[in-house]
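Trainee: The opening position of the sequence shown corresponds to residue 2 in my numbering, with each subsequent residue numbered one higher. For every residue, glycine included, the Cβ atom is placed at its ideal position computed from N, Cα and C. Could you have a look at this structure, given as structure tokens, before my questions?
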Amino acid sequence: MVALFVGKTPFDCCYVRDDDLAEWVEAGWLRPCDDLPGVDQYLDDIFDYNSDAMTYGGRRYGLPYYTDFTVWLYNEQMLEAAGFDAPAQTLDELTEQAIKVKEARVKSPDGDVIEHPIVLGFRQNVTGFGDWWSLNYASEVDLFDDDFNPIFPDDEGQRAEKILQWLVDGIHKHRIININSLTMPDIRENIAAGRQAFCLMSKYDVEWINNRENSAVSETYLSQRGIPETEALHAKVIKMARLPSLEPGQHGTLGWTRMYSLTAHCREERLLEAWELMQFLGGKDATGDYYTARRWFQLRGLGFAFISLMDDPEIIALTEKWGDIKLVKELSKVARIRENIKAPWFPDFNVYYQPEIQKILLRQQSPRDGLGRMAKRSLASLGVMAGCLQKTPEGVIFKGWPYEPDLVRENVEYFKRQTNINVAYEAVSGNYHDKMVALFVGKAPMDCCYVRDDDFVEWVEAGWLRPYEGLPGADEYGDDLFDYSLDAMTYEGKRYGLPYYTDFTIWVYNEQMLEAAGFEQPARTLDELTEQAIKIKEARVKSPEGDVVEYPIMLGFRQVITGFTDWWALNYASEVDLFDDDINPIFPDDVDRRAEQILQWITDGIHKHAIIDINSLTSPLILDNVSAGRQAFAMINKHDLERVNSREDSAVAESYLRARGITETQASYAKVIKMAPVPSIEPDQQGTLGWSRMYSLTAHCREEYLLDAWRLVQFLGGRDASGDYYTARRWFRLRGLGIAFRSLLDDPEIIEQTEQWGDANLIKELSKVARARENIRAPWFPDFNQYYQPEIQKVLIRQLSPRDGLARIAKRCRELKKEWT
């Protein structure tokens, strides 16, 4: 949508999330609707939290598409089995109930004992931790004041801290909250299967959970009572309740809204027609009925924002089949939107606070310290936004994401000493892509910046980046760059960047585990890898902590913004061409149907041979697992090999060195985790996935600073005044970041350092065969990136065959290409 808005694509109205409303209004992309005919008829019939979500700066920008809030769910049969006849009102009561359920050895319909009765949603995702907000609002916590200043951790009664402490105790002290709450994407499915007794859930999902077509709990309940599908589709076994709070009598929950809005460039001649469509979809139809809201509820159970619909007999009857209409009405009145959702820095906060809370839940920091860090970050964001109103700083304005900002400042200071050129550097926190888009759209002064290859084409097409052809020294670098890196920084024959860093995917294996299973060399083919993994599994190889390695292989198929790099790497290792030169999909009928063979190999590894951990679909901890010796094989970023072989970060390396009496003063690394070419279908195939991060000039780089900005880009991404690749060398020396320049890989210092933890010759070899994602230059790549990941996951959990899954992805590619042409 950002690309469509920036490109001024004609459209009159659209969906808007409450998360995006403030940003899109501030960017000038949405038109208020409070001056249009008939808008007043809705004002008094919309719940407060929905009305608040659709209002910004005192003006109304939408009508509701759907809305919902978080509810507390409990398995009534499990609660009764533990001796309780009513759900907990407080968190302390919930602790007591969960302990009793645990002690009662209650079982799921599959016969599994419920070891951890509670599961919650603390998996990092784009929408944030809804369960954290809900628990706070249930205890009537105010996290922010009206000016978006954080009140926590010294909110009234320090309730926010107490709630986090309850969560920590539930995970570690009482062991009633499943630790997989930090990674699990399928809470709904677990509750429906009866694997947990309690959870927080979107209200409209209650219908799904109590539907016998989806739920083993409901099906078991109804079938045991001889009730056929013709008599009942739902069983109200999973009950709704008010959210447990710190004290009885406290009420609240988190609510959210999706809306229909008019665009700011809605064509004047279509304005009233677009408004009429909006009213039909988000308000009343020509007969005065809330037709669309009613239909969404009937067919999909989607929540609605209209107070009067709660008293509709049909709505009541449908709700009572699976839920509790009185409770739905009650919670609709006390639901609250996230207090800081309208702050311009909300996207930054949303990215920052999730890992901070996870650190608390893992006991890496105390609840008070974690909340203090989050509050400090919020205040810093407020200061940054206030600073946006200050006068333009002197010198070259340079912005980047906040990776090691202190090291960046050191590099910039060295540049200043070399050149006497002043630089105003800013580390842009949070969601870098969205924040930078807002800065570009707002024409904030900026001369150069970091760019990801994922975003490169979008930003060029939007007119935000400037090619550097014709600038002094521009021709010096081409011949010394690896092909995949040069390719990543070039668009339609023009070069737009110099490398910040570059890297590629490598195959790693635990040498000791391989030897324990009787092998001297790593597998070259996927079939050989299957054999090796089976032998390691049979050998009952153990980690340094003494745990048997049940699943020797872990791969990266967790949905993330950067996509499934392991999928690309496995395809490129087998020399698969997924797209042609015009970015048309070749799969699933690529040469020898290799893409299909690779997915079948992964599927067999998970389900047939049980050598690939199913947590490959959810776990963010691959590096940690390899370092801890919980897996024998994985694919990782090449620069992360330094970490997994460092005794400071790796139990495997520390155990190896300590067992041989080698002290920290004698060695910091042990090359126990070895790198190898990515295994392929045939032994003579080779390749891997490569990617690049770059420094680029902006299209609105100020003319008087152009040459100074270019000198800075060359210093950071090329040579310094002495002719040395100073910055690239320094990043490698201090953080192991990948190098795009061929000549540096022959540098004795680089080779010596690499050989402490890696293989310099193999790095050179893989740098020559690494490939960028073939469709990364397509304007529809971001859409593809969102679509293909869940489709691949469906293949890996056997909901689709590899061929059908690839065919669906190919079809979507063709549709996207047509839409964007």
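In angstroms with no decimal places, state the Cα-to-Cα distance between R594 and P780.
Mentor: Distance between the alpha carbons of R594 and P780 is about 27 Å.
Trainee: What three-state label does DSSP hand P11 in the structure shown?
Mentor: In this structure, P11 counts as coil in the three-state DSSP scheme.
Trainee: Where L390 and L600 are concerned, what is the direct C-alpha to C-alpha distance, given to the nearest angstrom?
Mentor: With a pLDDT of only 45 at L390, under 50, the local geometry of the prediction cannot be trusted, and the value read off the model is given with reservation. Roughly 52 Å separates the two Cα atoms.
Trainee: Considering only DSSP beta bridges, list what F48 is partnered with.
Mentor: According to DSSP, F48 bridges with nothing at all.
Trainee: Under the assumption that I115 contacts Q197 (Cβ atoms under 8 Å), give the Cβ distance between them as a whole number of angstroms.
Mentor: 7 Å
Trainee: Report the option in Q715, F347, G371 whose CA atom is closest to the CA atom of I358.
Mentor: G371
Trainee: For F457, which of Q560, S486, K444 has the nearest alpha-carbon?
Mentor: S486
Trainee: Using the three-state DSSP reduction, which class does P65 fall into: helix, strand or coil?
Mentor: Note: P65 maps to strand in three-state DSSP.
Trainee: Mind checking whether K334 and F505 have CB atoms under 8 Å apart?
Mentor: no
Trainee: Can we count D349 as close to the ligand HEM, meaning its CB is less than 7 Å from some heavy atom?
Mentor: In the structure on display, the ligand HEM does not appear, and there are no ligands present to speak of.
Trainee: Are the CB atoms of Y75 and F199 nearer to each other than 8 Å?
Mentor: Yes, they are a contact pair.
Trainee: Straight-line CA distance for E521 to E512?
Mentor: Cα-Cα distance, rounded: 8 Å.
Trainee: How close, in whole Å, do the beta carbons of T526 and P680 come, if the pair is a contact with beta carbons under 8 Å?
Mentor: 6 Å
Trainee: What's the C-alpha gap between R804 and K360?
Mentor: 40 Å
Trainee: What is the residue span of the alpha helix (DSSP H) that K327 lies within?
Mentor: 326-335
Trainee: Using a threshold of 8 Å, state whether the C-beta atoms of V592 and T689 are closer than that.
Mentor: Taking C-beta atoms as the reference points, V592 and T689 fail to come closer than 8 Å.
Trainee: Using the three-state DSSP reduction, which class does H175 fall into: helix, strand or coil?
Mentor: coil
Trainee: Would you report the Cα separation of D86 and R243, rounded to the nearest angstrom?
Mentor: In this structure, the straight-line span from the alpha carbon of D86 to that of R243 is close to 15 Å.
Trainee: Assuming L255 is part of the beta strand (DSSP E), what are its boundary residues?
Mentor: 254-264
Trainee: With distances taken from CA atoms, which of Y469, G724, L738, G373 is nearest Q754?
Mentor: Closest option to Q754, Cα to Cα, is L738.
Trainee: In the DSSP output, what is N638 paired with across the bridge?
Mentor: Residue pairing from DSSP places N638 in a beta bridge opposite T506.
Trainee: CA-CA distance, E704 and D143?
Mentor: 48 Å
Trainee: Mind checking V461: buried by the 16 CB within 10 Å criterion, or exposed?
Mentor: buried
Trainee: Within 10 angstroms of the Cβ of I810, are there 16 or more other Cβ atoms? Answer buried if so, exposed if not.
Mentor: buried
Trainee: Leaving out five residues before and five after S544 in sequence, what residues of the same chain have Cβ atoms less than 7 Å from its Cβ?
Mentor: V550, A629, G630, R631
Trainee: Decide yes or no for the touch test of the segment 242-256 against the segment 79-94: beta carbon pairs closer than 8 Å, at least 3 of them.
Mentor: They touch, by the three-pair rule.
Trainee: Quick one, which of T68, D148, Y469, L278 has its alpha-carbon nearest V40's?
Mentor: L278
Trainee: Put W134 into one of helix, strand or coil per three-state DSSP.
Mentor: Residue state, collapsed to three classes: helix.
Trainee: Under 7 Å Cβ to Cβ from Q280, same chain only, skipping five residues before and after it: list those, please.
Mentor: G39, L64
Trainee: Do you know how far the Cα of F6 is from the Cα of D13?
Mentor: 11 Å
Trainee: Starting from F347, follow the alpha helix (DSSP H) in both directions and report where the run begins and ends.
Mentor: 347-362
Trainee: Do M695 and V452 count as a contact pair if the criterion is CB distance below 8 Å?
Mentor: yes
Trainee: Grab me the residues of S768's own chain with a C-beta within less than 6 Å of its C-beta, minus the 5 sequence neighbours each way, in chain order.
Mentor: F483
Trainee: Considering only residues of the same chain and omitting the five flanking positions on each side of A570, which have a CB-CB separation below 7 Å?
Mentor: T506, M636, V679, T689, L690
Trainee: Nearest by alpha-carbon distance to D407: which of T393, Q419, Y426, T420 is it?
Mentor: Y426
Trainee: Using 8 Å for Cβ pairs, my map puts N211 next to K237. What's the rounded Cβ distance?
Mentor: 6 Å
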